[in-house]
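Student:
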Amino acid sequence: MDKKKVAIIGGGPAGVSAALYTLRANIDTTILAHGESALNKAEKIDNYYGFPDGISGPDLYDNGINEATAIGAKVINEEVVGLNFGAKLEIKTTDNIYEADAVILAMGSQRKAPKIDGIKEFEGNGVSYCAVCDGFFYRGKTVAVLGDGEYAANERAELEPIAAEVIALDDLDVIERFSGDQKLKKVEFKDGSTQEIDGLFVAIGTAGAGDLAKKVGIFTDENNKIMVDENMATNIPGIYAAGDCTGGFLQVSKAVADGAMAANSVIKYLRTK
Ligand SMILES: Cc1cc2nc3c(=O)[nH]c(=O)nc-3n(C[C@H](O)[C@H](O)[C@H](O)COP(=O)(O)OP(=O)(O)OC[C@H]3O[C@@H](n4cnc5c(N)ncnc54)[C@H](O)[C@@H]3O)c2cc1C
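Those letters in the sequence shown? Residues 768 to 1040, per this note's numbering, in order.
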């Protein structure tokens, strides 16, 4: 019989901890990890069990990836840009589509929105973070996508069949502000020119966990953190979340515990399938 498959999105403490359990339960385990872990920004982790002299964040990250790889995890460095579900769960990266029987979202904390005037102010009134979720509201209208990476390209591709015009705002340095009254109306450039828009989709850097979660209808809270129950299950069967992307205490110890619990839930879930 074919092994069941779990895809873990994120290779930080939460994702790796989950993999250490799913692999030992003989589940085919793929870690998709692209971009920075919070650990890469941490000079020294001084408060984690088993390291009396502390350990550098990047070293702890590499140790984790090596530990998972050594017992059979496939680690793929591709940026995840979409999720979908049908008979199987589908994970869309910039290069491929992967299928899995269960998914663990362990993508760390949400990145901040860029500090351009108007973005925060018009959130929900013309500013969105998810083309699949909100694109329909802009059918036949003019929208802009802010960002220059693969994730932004993916968001533009989602919007092109729906909107009348999709403008790529791929150079943040030329933008002065976004303005409007009750709703977003235009982008103002530093050279004094303006562009009327009905909607703005922010897609800077890689897709955040909350953005991806919303694409498949996973509930997030007011801070865009993924909502989970005590077993790290989201509201979508087969999709679990762990670590900083679920909010709470943003520490390695909590991420590791979440990952273990999410894996335990995946193991039980896949036994019933
Ligand atoms: C400066 C700093 C200092 C810190 N110091 C401490 C400390 O002393 N002690 C402590 O306990 N904690 C500390 N932390 C917090 C700790 O680093 C985090 O709580 C922990 O790393 C969270 O683990 P995680 O697995 O949830 O997320 P992360 O470690 O952030 O990992 C997220 C993973 O998801 C991947 N990813 C994200 N988006 C995508 C995508 N679209 N496609 C594919 N992969 C994606 C990333 O590449 C990464 O592998 C510190 C954090 C910072 C920023």
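Idealized CB from N, CA, C, for every residue including glycine.
Does ligand 1 have a heavy atom nearer than 7 angstroms to the CB of residue 786?
Tutor: Not under cutoff, so the answer is no.
Student: Per DSSP, what kind of secondary structure is residue 851 in: helix, strand or coil?
Tutor: In the structure shown, residue 851 sits in a strand (DSSP, three-state: E or B).
Student: Of all the options 870, 912, 1014 and 937, which has the alpha carbon lying nearest to the alpha carbon of residue 987?
Tutor: Closest option to residue 987, Cα to Cα, is 1014.
Student: Measuring only from the beta carbon, is residue 994 closer than 7 angstroms to any heavy atom that is part of ligand 2?
Tutor: Among the ligands modelled here, namely ligand 1, ligand 2 does not occur.
Student: Tell me whether the stretch 918-927 and the stretch 938-956 touch, counting them as touching only if at least three CB pairs, one residue from each stretch, are closer than 8 angstroms.
Tutor: They do not touch, by the three-pair rule.
Student: Say whether the stretch 837-850 touches the stretch 860-880, bearing in mind that this needs 3 or more beta-carbon pairs closer than 8 angstroms, one atom from each stretch.
Tutor: The stretch 837-850 is in contact with the stretch 860-880.
Student: Here's a check: name, in chain order, each residue in its chain whose Cβ is nearer than 7 angstroms to the Cβ of residue 955, leaving out the five neighbours to either side.
Tutor: These residues qualify, in order along the chain: 943, 944, 946 and 961.
Student: Would you check if there are 3 or more beta carbon pairs closer than 8 angstroms linking the stretch 882-897 to the stretch 1023-1033?
Tutor: The stretch 882-897, when compared against the stretch 1023-1033, does not touch it at the 8 angstroms Cβ threshold.
Student: Quick one: what's residue 962 bridged to in DSSP?
Tutor: For residue 962, which the question treats as bridged, DSSP gives the partners 954.
Student: If you drop the 5 nearest sequence neighbours on each side, which residues of the same chain put their C-beta closer than 7 angstroms to that of residue 982?
Tutor: Same-chain partners within the cutoff: 849, 850, 897, 899 and 900.
Student: Quick check on the DSSP output: the beta strand (DSSP E) that includes residue 860 runs from which residue to which?
Tutor: Note, residue 860: beta strand (DSSP E), 856-860.
Student: Return the chain-ordered list of same chain residues with a C-beta closer than 6 angstroms to the C-beta of residue 884, the five sequence neighbours on each side being excluded.
Tutor: Within the same chain, residue 884 has close Cβ partners 944.
Student: Report the three-state DSSP secondary structure of residue 922 (helix, strand or coil).
Tutor: It is helical.
Student: Assuming residue 1003 contacts residue 984 under a Cβ cut-off of 8 angstroms, what Cβ separation, rounded to an integer in Å, is found between them?
Tutor: That pair is a contact at about 6 angstroms.
Student: Tell me whether residue 960 counts as near ligand 1, meaning its Cβ is closer than 7 angstroms to at least one heavy atom of that ligand.
Tutor: No, ligand 1 has no heavy atom inside 7 angstroms of this Cβ.
Student: In whole angstroms, what is the alpha-carbon distance linking residue 966 and residue 873?
Tutor: Answer to the nearest angstrom: the Cα atoms are 30 angstroms apart.
Student: Indicate the three-state DSSP secondary structure (helix, strand or coil) for residue 906 in the structure shown.
Tutor: If DSSP states are grouped into helix, strand and coil, residue 906 belongs with coil.
Student: Considering only the beta carbon of each residue, do residue 797 and residue 1030 sit closer than 8 angstroms?
Tutor: Contact flag unset, no.
Student: Counting only the same chain and skipping the five closest in sequence on each side, list residues whose C-beta sits under 7 angstroms from that of residue 933.
Tutor: Result list for residue 933: 910, 912, 923, 926 and 927, in chain order.
Student: Check whether the Cβ of residue 949 sits closer than 7 angstroms to any heavy atom of ligand 1, and report yes or no.
Tutor: Incorrect: residue 949 has no Cβ contact closer than 7 angstroms to ligand 1.
Student: Strictly by DSSP, which residues pair up with residue 947?
Tutor: DSSP output for residue 947 lists 951 as bridge partner(s).
Student: Could you pull out every residue in the same chain whose Cβ sits closer than 6 angstroms to the Cβ of residue 971, ignoring the five residues on either side in sequence?
Tutor: Excluding residues within five positions, the ones whose Cβ falls inside 6 angstroms are 881 and 914.
Student: For a test of the three-state rule: what should DSSP assign to residue 982, helix, strand or coil?
Tutor: In the structure shown, residue 982 sits in a helix (DSSP, three-state: H, G or I).
Student: By a C-beta neighbour count over all protein chains shown, 10 Å radius and 16 as the cutoff for buried, is residue 1039 buried or exposed?
Tutor: It is exposed - the Cβ of residue 1039 has fewer than 16 other Cβ atoms within 10 Å.
Student: Could you please give me the residues that DSSP links to residue 913 through a beta bridge?
Tutor: DSSP, once it has assigned bridges, lists 936 and 969 as partnering residue 913.
Student: Residues in the same chain with beta-carbon distance under 8 angstroms from residue 938, minus the five sequence neighbours each way, listed in chain order, please.
Tutor: Same-chain partners within the cutoff: 915.
Student: Find out if the Cβ-Cβ distance for the pair residue 931, residue 907 is shorter than 8 angstroms.
Tutor: Yes.
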